[in-house]
Every structure is written in structure tokens, then in C-alpha cells.
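Participant: One structure is given below, represented as C-alpha cells, and several questions about it will come after.
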Amino acid sequence: MTSTCEARKAHAAALQQAEQAPPLTRQQILALLSWEEGQQALLAAADRVRARQVGEAVHLRALVEFSNHCERNCWYCGLRRGNRRLPRYRMSPDEIWEGVRQAAALGYGTCVLQSGEDSWYDAETMAGLVRRIKAQTPMAVTLSVGERPEQDYARWREAGADRYLLKFETSQPALFHRLRPGTHQEHRLACLRALGRLGYQVGSGFMVGLPGQTLEGLAGDLELLRDLPCHMAGIGPFIPHPGTPLGKCPAGSVELTLRCLAVARLLVPRANLAATTATASLHPTGRQRALQAGANVIMPNVTPERYRVNYEIYPGKIAPTGDMAAYRQVVGWLVAECGRSVGAGRGDYGG
Ligand code: SAH
Ligand code: SF4
4 MTSTCEARKA
14 HAAALQQAEQ
24 APPLTRQQIL
34 ALLSWEEGQQ
44 ALLAAADRVR
54 ARQVGEAVHL
64 RALVEFSNHC
74 ERNCWYCGLR
84 RGNRRLPRYR
94 MSPDEIWEGV
104 RQAAALGYGT
114 CVLQSGEDSW
124 YDAETMAGLV
134 RRIKAQTPMA
144 VTLSVGERPE
154 QDYARWREAG
164 ADRYLLKFET
174 SQPALFHRLR
184 PGTHQEHRLA
194 CLRALGRLGY
204 QVGSGFMVGL
214 PGQTLEGLAG
224 DLELLRDLPC
234 HMAGIGPFIP
244 HPGTPLGKCP
254 AGSVELTLRC
264 LAVARLLVPR
274 ANLAATTATA
284 SLHPTGRQRA
294 LQAGANVIMP
304 NVTPERYRVN
314 YEIYPGKIAP
324 TGDMAAYRQV
334 VGWLVAECGR
344 SVGAGRGDYG
354 G
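Taking the working numbering, the leading residue of the sequence shown gets 4, the next gets one more, and so forth.
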């Protein structure tokens, strides 16, 4: 038997099991990730599982990137504090509210408030903003402001925050500690578990193609996704930023990212999985391809342009076309092109 033949057999068996009788073993996950010729069958299986488990709706989340100040120094990210060339900004709570209000008026059911780790926004400032949004709109509020004390998470939850996004980035401990100096993997995972206990819908995820990442590591990332509280996830390719220590490293593979996304759909079938901006930034039809590989969420950027250009986590990030209303329409067309429809309401996990 040739090795291709073995790979085909292992792949077919893993796919059949994933659709009919999960869980998958490490070996099966590896078989699905590694066999490129089997990609089409894998993506098609993930698409079927997506349709069966979460339906045809694509949920839109209006993303406000409200501060690019960051106290961390992650090796992969353009917002790291060591990147002195980046002009920094902070939006005031009133400016953030104005963006959210406009997004609500356009029918967005969720806003995502994201920033670097910026303690300028203390617990009460964020809580006040959440209360204002919850009092004046029907929106779900997702926060994504990094690692904070559990009491801050608790306060924001009491204020009405519904969801929290905190990617674990990589499950490989040595890689995590090298790329996120001064931070601890155990602490980040403890944050995710605390968020779950507090009743948040928890989002995590990882990057594909980090220098030093292995295929075994990616399989570990997918297993971690399955074992954590995980109601939503973002999986995107690593994109090198010239102002970081990883600036000369190659970008992650879009194809491998799509295979990871598809396996994630098989492992956490009811999760809300994003067609990430990073995937769209590396491939002209990246979003559409992700929607056909298990994804059911898009996060259109509604940050005012004068700020958005400096939220440069990585270069070449796709930018919205036109104003917020025009872009909402463009995203609707993109969803329709894939034979899907934009979800009404908040698009909660299990909803
Ligand atoms: N500061 C918060 C949220 C902002 S960063 C946090 O770190 O959780 C949001 C996400 O951007 C990170 O979780 C990471 O997965 C992603 N990211 C950072 N640098 C990137 C790069 N160079 N390529 C692709 N994604 C990147
Ligand atoms: Fe800061 Fe998040 Fe970027 Fe790390 S990934 S430097 S915490 S914005």
C-alpha cells in the first residue's frame, strides 16, 4: 500500500467518524490537517456539519477597535508597546458609544469592543460603557480587552456584558512564553475558565503559522478549543508585521487555516466560528472560503477611519469600503453570494 493510499484511508475514516461519532483522536486530527488532497472533502464535511448544527444564518458583529495602546509586547503584534513608530489613539467613551449607536441603527445585533491591553480604561469606565449600550440598544456586547483581574470581568458581566473574546493564541507552552514575554499561558487559560464560570459566552482561538508552531501543536490547539469553555472562536493566519521581531517570518498558510477551521467545526459543532479578517486579508475571497469551510460569523469593522488605519495588528488588513451603511450592504451581498443569509437578532450560542 502506498503512503498516499494510507493517507486517503486514514482521512476518510477520520472524516466519517467526525461526522457520525466524534470525538476524534490526536492521530485523526493530524490526518485531517496534513493531507492536502483531502481538503475539499474535509471542508465539505465541515460545511454540512455547520448547516446541520447552526443553520444557514451568518451573524454579523460590529467591531469597534477603540484603543491601540498596549502594555504588552507580543512578538507577533504591531500594537506591541515596543513598536514606537505606531501613532497611538484612544477613543473616548462617547466616541465609542457613537459608533455602537450607529451600528445598532443599521441592525447589527452585536458589538465587539476590542483594544490592546490598556489600563487607561479602568473597570468602571468599561462598565459604564457596557451599561449605556445595554440600556439603549438591544445589542449583545462582546468585550475583547485582554487579560484583566477576575473582579473586572465580574463587574462587566454585572453591567451586562454578554461575551468575551480572548484567544489562547497557541497551545504550545514554550512558544506561548517566547512570543508573549512576561505573560503566562496558565494565567490566560485561567482567565478563559473564569469567564466561563461568570456566565460569559467565551470566545478563544489561535493563529496558524506562527514561527515555531508544529502540526502537532495545531492539533493541540484544536483539542484545547474542544476542552475549554468555547462558544465562539477565531482562527486566522499569522501575518508578519515589519515593526515586530517576527517581521521577516513567512505568513501562515490560508489553506492550512481553512483546514483548521473545518476541523474546529467538527470538534465544537455548535460554536460560532468567525471568517476572520486575517484570512480575508491574505486571500481575496478568504471570507467566502471560510464561510464554506465551517464559519458562520463575520465581524465587519465599524471603527472610524481616522483611528482604524492605526489599529495595525498586522499590515494589509482589509478595510471597509464606503461608510458604515454602505459597508453593511457590501457584507450582505458577500453573504448572499455564498447562498447564505444574514442572521437576525443577536446570534447567541445555542440560539
Ligand atoms: N489585546 C487583546 C485583543 C487585541 S489583539 C488580546 O491580545 O487578546 C486581537 C488578536 O489579534 C489576537 O488575539 C491575535 O490572535 C491577533 N493577532 C495579533 N497579531 C497578529 C498577527 N501578526 N497576525 C494575525 N493575527 C494577529
Ligand atoms: Fe497587545 Fe493583544 Fe497585540 Fe499582544 S496581541 S501586543 S496583548 S494588542
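Heads up, the beta-carbon is just placed ideally off N, CA and C, and yes, glycines get one too.
(1) Is any non-hydrogen atom of the ligand MG found closer than 7 Å to the C-beta of Ile-316, if you look at the structure I gave you?
(2) So Ile-238 is in the alpha helix (DSSP H); what residue range does that whole segment cover?
(3) Just mark His-187 as buried or exposed, buried being the case when its beta carbon has 16 or more other beta carbons within 10 Å.
(4) Quick check on Leu-132 - is its C-beta less than 8 Å from some C-beta in chain B?
(5) Hey, His-286 and Val-257: beta-carbon distance below 8 Å or not?
(6) Compute the Euclidean distance between the alpha carbons of Asp-165 and Trp-100, then round it to the nearest angstrom.
(7) Between which two residues does the alpha helix (DSSP H) containing Tyr-167 stretch?
(8) If you draw a straight line from the C-alpha of Trp-336 to the C-alpha of Ala-274, how long is it?
(9) In whole angstroms, what separates the C-alpha of Asp-50 from that of Arg-93?
(10) Closest by CA to Ile-316, which one among Asn-86, Leu-63, Ala-130?
(11) By Cβ distance, which residues of its chain are closer than 7 Å to Gln-20, with the 5 residues on each side in sequence left out?
(12) Let me confirm a value: Gln-117 is counted as buried when at least 16 other C-beta atoms fall within 10 Å, else exposed. Which label applies?
(13) Excluding the five sequence neighbours on either side, which residues of its own chain have a C-beta within less than 8 Å of the C-beta of Glu-22, listed in chain order?
(14) Could you tell me the boundaries of the alpha helix (DSSP H) in which Val-333 lies?
(15) Let me check you understand the geometry: is the CB of Leu-357 closer than 7 Å to at least one non-hydrogen atom of the ligand SAH?
(16) Would Thr-113 and Thr-140 qualify as a contact pair, given that the criterion is a beta-carbon distance under 8 Å?
Facilitator: So, to answer that:
(1) You won't find the ligand MG in this model; what it holds is the ligand SAH and the ligand SF4.
(2) The residue labelled residue 238 in the question sits at position 235 within the sequence shown. Careful: Ile-238 lies outside any alpha helix (DSSP H), inside the beta strand (DSSP E) at 235-240.
(3) Stepping through the sequence shown from its first residue, residue 187 is reached at position 184. With fewer than 16 Cβ atoms within 10 Å of its Cβ, His-187 is classed as exposed.
(4) Of the chains in the structure shown, none is chain B; there is only one protein chain.
(5) By 1-based counting over the sequence shown, the position of residue 286 is 283. By 1-based counting over the sequence shown, the position of residue 257 is 254. Cβ distance < 8 Å, so His-286 and Val-257 count as in contact.
(6) One-based indexing of the sequence shown puts residue 165 at position 162. One-based indexing of the sequence shown puts residue 100 at position 97. Near 17 Å, if we compare the C-alpha coordinates of Trp-100 and Asp-165.
(7) Looking up residue 167 in the sequence shown gives position 164. Boundaries around Tyr-167 are those of the beta strand (DSSP E), 166-168, since no alpha helix (DSSP H) includes it.
(8) Position 333 of the sequence shown holds residue 336. Position 271 of the sequence shown holds residue 274. Between the C-alpha atoms of Trp-336 and Ala-274 there is a straight-line separation of about 24 Å.
(9) Taking the first residue of the sequence shown as position 1, residue 50 is located at position 47. Taking the first residue of the sequence shown as position 1, residue 93 is located at position 90. Computed Cα separation, rounded: 39 Å.
(10) Position 313 of the sequence shown, counting from 1, holds the residue named residue 316. It is Asn-86.
(11) As a working note, residue 20 is residue 17 in the sequence shown. If we look at Gln-20 and ignore the five residues flanking it on each side, its Cβ neighbours are Leu-27, Gln-31.
(12) Along the sequence shown, read from residue 1 onward, the residue named residue 117 stands at position 114. The residue in question, Gln-117, is buried, as its Cβ has 16 or more Cβ neighbours within 10 Å.
(13) Taking the first residue of the sequence shown as position 1, residue 22 is located at position 19. Excluding sequence neighbours, Glu-22 sits near Ala-48, Arg-51, Val-52, Leu-269.
(14) For this step, residue 333 is matched to residue 330 along the sequence shown. Start and end: 327-340.
(15) Residue 357 lies beyond the residue range present for the chain, which begins at 4 and ends at 354; the question has no answer from this structure.
(16) Working through the sequence shown from its first residue, we reach residue 113 at position 110. Working through the sequence shown from its first residue, we reach residue 140 at position 137. For Thr-113 and Thr-140, no; Cβs fall outside 8 Å.
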